[in-house]
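**Q** Heads up, the final residue of the sequence shown is numbered 375 in this note's numbering, and it's a clean run with no missing numbers. C-beta atoms are modelled at their ideal positions from N, C-alpha and C, and glycine is treated no differently. One structure coming up, written as structure tokens, with questions to follow.
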Amino acid sequence: MTAGVYRGAFVLALLVGLALLGLQLKWVLLQLFAAAIVAAGMAPVVRRSTDVPQPWLGNRRPPKGLVVALIYAIVGLVVLVLGTILLQVVLVQGGLLLERVPAFALAVQDWYAGLSRRSPLLAQLNLFDLLGGVSGLTGWATGVLRQVLNVATVLLALFGGALNVLFVLFMALYLTVDGATMRDYLLVFLPRDRQAQARRVLTDISLRLGHWVVGELTLCLIVGVAAGIGFALLGVPGAALLGVVWAVAELIPGIGPFVAAAPSIALGFVGGPSTGIIATIFTFLFSQVENNILVPRVMGHAVKLNPLVVLLALLVGNELLGLAGALFAIPLAAAAAVIVDELRRERLIQLEAASLVPTQTRDGSQPEQSAAVIG
């Protein structure tokens with residue numbers, strides 16, 4: 001066996017080993033990728049803040065570390081305040097909903113009784129009695145709401161999520177400050193003629209990830225405003241709260257609409273049976289438009305991907321890694337697209353160069369180049 005065969009076998013074994021290690025550390029790698037996304041989203045803000053001389057520093061540029069620390073502190077404070085307000089609103093609205101459960105059950109009973117008088121079939125089925133009447137429906141709804149609003153459970157879940165978010169933010173901070181240094185350190189291990197190409201690919205990936213962050217925030221704004229206005233026009237109580245819920249749920253690809261649908265339908269029925277039915281229909285239609293039209297269009301434009309590719313990426317990511325896979329499917333697809341575009345560009349350059357090289361004739365002489373090639 002030649003040295004090339006041994007080298008190829010070693011490289012293959014190394015790639016397999018790295019793939020197996022990546023599967024074992026997938027959650028760590030996903031958190032690192034999330035930090036890279038946050039850092040890419042912050043990069044334009046940091047660049048504008050550090051490239052412009054500041055009068056309060058004697059027309060000197062501010063230190064990058066100080067600017068990054070201030071930006072992340074402000075972002076963390078805003079997230080903390082918004083999270084606290086959202087939690088308080090959810091608990092208050094949930095408490096009011098809990099108080100209105102008995103009245104809601106009576107309204108449902110009256111509504112069903114009216115339908116039964118107009119429909120002999122419903123009167124024979126007597127579904128309301130099968131559910132245990134008002135007391136049974138009230139007990140079931142109250143139990144569900146108490147479980148949802150259990151403060152200890154909510155606080156524990158929020159604490160675990162806050163630790164993960166804090167860890168990601170700290171990694172993103174270090175990547176924002178020292179990302180270029182770390183990149184240049186790792187590029188040394190590549191062949192010298194490939195370092196410029198790798199640097200260009202990493203820069204393009206960072207730009208795409210930053211565009212994904214902007215697209216995601218744009219989606220949150222569009223979905224939140226549209227949902228709030230839609231539920232307000234339908235007369236659903238707490239329409240503004242539902243708008244916030246839909247905006248936050250938009251950060252969870254795939255299952256976000258299902259998460260936001262539960263409180264939307266529940267608050268719709270608080271406004272009455274007919275309002276609840278209309279809210280249910282609106283929720284279903286709105287989630288379909290959001291998932292299948294709005295997300296592919298907006299995100300496809302943001303990361304320069306075909307909407308069909310966006311949909312396929314979400315499906316594949318959800319199938320492979322569940323919720324985490326769906327969450328990072330689009331940025332991973334965007335990064336892969338940058339690599340594919342670079343490989344395609346390199347191949348086109350090779351083909352163009354090959355077409356300009358004259359081939360030898362049978363007698364070994366070089367044919368004359370055409371005027372088009374020479375010119």
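Under the rule that 16 or more other beta-carbon atoms within 10 Å means buried, what is L381, buried or exposed?
**A** Outside the shown range of the chain (1 to 375) lies residue 381, about which nothing can therefore be said.
**Q** Count the other CB atoms within 10 Å of the CB of T283; is the residue buried (16 or more) or exposed (fewer)?
**A** Buried, by the Cβ-count rule.
**Q** For R344, list the residues DSSP reports as bridge partners.
**A** DSSP, once it has assigned bridges, lists no residue as partnering R344.
**Q** Ordered along the chain, which non-local residues of its own chain (more than five positions away) have a Cβ less than 8 Å from that of F454?
**A** Because the chain in this structure spans residues 1 to 375, residue 454 falls outside the shown range and cannot be described.
**Q** Is any heavy atom in the ligand HEM found nearer than 8 Å to the beta carbon of A232?
**A** The model on display carries no ligand, and the ligand HEM is accordingly not part of it.
**Q** Taking the alpha-carbon of A247 as reference, which of F286, T275, A73 has the nearest alpha-carbon?
**A** A247 has its Cα closest to that of F286, out of F286, T275, A73.
**Q** Find the nearest neighbour of G271 within the set N292, K304, A249, L233, judged by alpha-carbon distance.
**A** Closest by alpha carbon: L233.
**Q** Three or more C-beta pairs under 8 Å: does that hold for the stretch 218–226 against the stretch 308–323?
**A** At 8 Å Cβ cutoff, the stretches do not touch.
**Q** How many angstroms separate the CA atom of A240 from the CA atom of V79?
**A** Looking at the two C-alpha atoms, the distance is approximately 19 Å.
**Q** Are there 16 or more other CB atoms within 10 angstroms of the CB of F170, so buried, or fewer, so exposed?
**A** Exposed: under 16 other Cβ atoms inside 10 Å.
**Q** Thinking just about the alpha-carbon of each residue, which of D51, L25, V201 is nearest to the one in A336?
**A** With distances taken between Cα atoms, A336 lies closest to V201.
**Q** Can you name the start and end residues of the alpha helix (DSSP H) that I229 belongs to?
**A** Here the alpha helix (DSSP H) through I229 covers 192–233.
**Q** From I229 to I71, what distance separates their C-alpha atoms?
**A** Going by the C-alpha atoms only, they are around 32 Å apart.
**Q** According to DSSP, is R48 part of a helix, a strand, or is it coil?
**A** Of the three classes helix, strand and coil, the one that applies to R48 here is helix, per DSSP.
**Q** Closest to A249 by CA distance: which of I277, E216, L267 is it?
**A** With distances taken between Cα atoms, A249 lies closest to E216.
**Q** Are A36 and L209 closer than 9 Å when you measure CB to CB?
**A** The answer is yes: Cβ separation under 9 Å.
**Q** When you compare the CB positions of V244 and G268, do they come within less than 9 Å of one another, or not?
**A** Contact flag unset, no.
**Q** Around the Cβ of A74, are there at least 16 other Cβ atoms within 10 angstroms (buried) or fewer (exposed)?
**A** Ala is not the amino acid found at residue 74; the sequence shown has Ile there. So I74 counts as exposed.
**Q** Out of V177, A261, A196, which has the shortest C-alpha to C-alpha gap to M42?
**A** Out of V177, A261, A196, V177 has the C-alpha closest to the C-alpha of M42.
**Q** Taking only the alpha-carbon atoms, compute the straight-line gap between V16 and A9 and give it to the nearest angstrom.
**A** The alpha-carbon atoms of V16 and A9 are separated by roughly 11 Å.
**Q** Going by Cα to Cα distance, which pick from P307, I278, F258 is closest to N292?
**A** Nearest option by C-alpha distance: P307.
**Q** Which residue marks the beginning of the alpha helix (DSSP H) containing R297, and which one marks its end?
**A** Run containing R297: 295–303, per the alpha helix (DSSP H) assignment.
**Q** Find out if the Cβ-Cβ distance for the pair L219, V298 is shorter than 9 Å.
**A** Yes, Cβ-Cβ distance for L219 and V298 is below 9 Å.
**Q** By how many angstroms is the C-alpha of A354 removed from the C-alpha of L77?
**A** L77 and A354: Cα-Cα distance of roughly 57 Å.
**Q** Buried or exposed for F328, going by 16 or more other Cβ atoms inside 10 Å?
**A** So F328 ends up on the buried side.
**Q** What's the call for S274, buried or exposed, on a 16-neighbour Cβ count within 10 Å?
**A** S274 comes out exposed.
**Q** What are the boundary residues of the alpha helix (DSSP H) that P257 is part of?
**A** Per DSSP, P257 belongs to the alpha helix (DSSP H) from 256–270.
**Q** With the cut-off set at 9 Å, would you say P263 and E290 are in Cβ contact?
**A** Taking 9 Å as the Cβ cut-off, P263 and E290 do not qualify as a contacting pair.
**Q** So, are the CB atoms of H211 and A302 less than 9 Å apart?
**A** The answer is yes: Cβ separation under 9 Å.
**Q** Pop quiz: Q197 and E352 are said to be a contact at Cβ under 8 Å. What is the actual Cβ separation, rounded to whole angstroms?
**A** Contact flag wrong, Cβ pair sits at about 17 Å.
**Q** Our contact map puts Q195 next to L186 with C-beta atoms below 8 Å; I'd like the distance itself, whole angstroms only.
**A** Q195 to L186, Cβ: 10 Å. No contact.
**Q** By Cβ distance, which residues of its chain are closer than 7 Å to D394, with the 5 residues on each side in sequence left out?
**A** No statement about residue 394 is possible, as the shown extent of the chain runs from 1 to 375 and does not include it.
**Q** G238: which of F33, L163, V28, A266 sits nearest, CA to CA?
**A** If we check each option's Cα against that of G238, A266 comes out closest.
**Q** Which term fits L14, buried or exposed, when burial requires 16 or more other beta carbons within 10 angstroms of its beta carbon?
**A** Exposed.
**Q** L251 by DSSP, collapsed to three states: which one?
**A** Reduced to three states, the DSSP call for L251 is coil.
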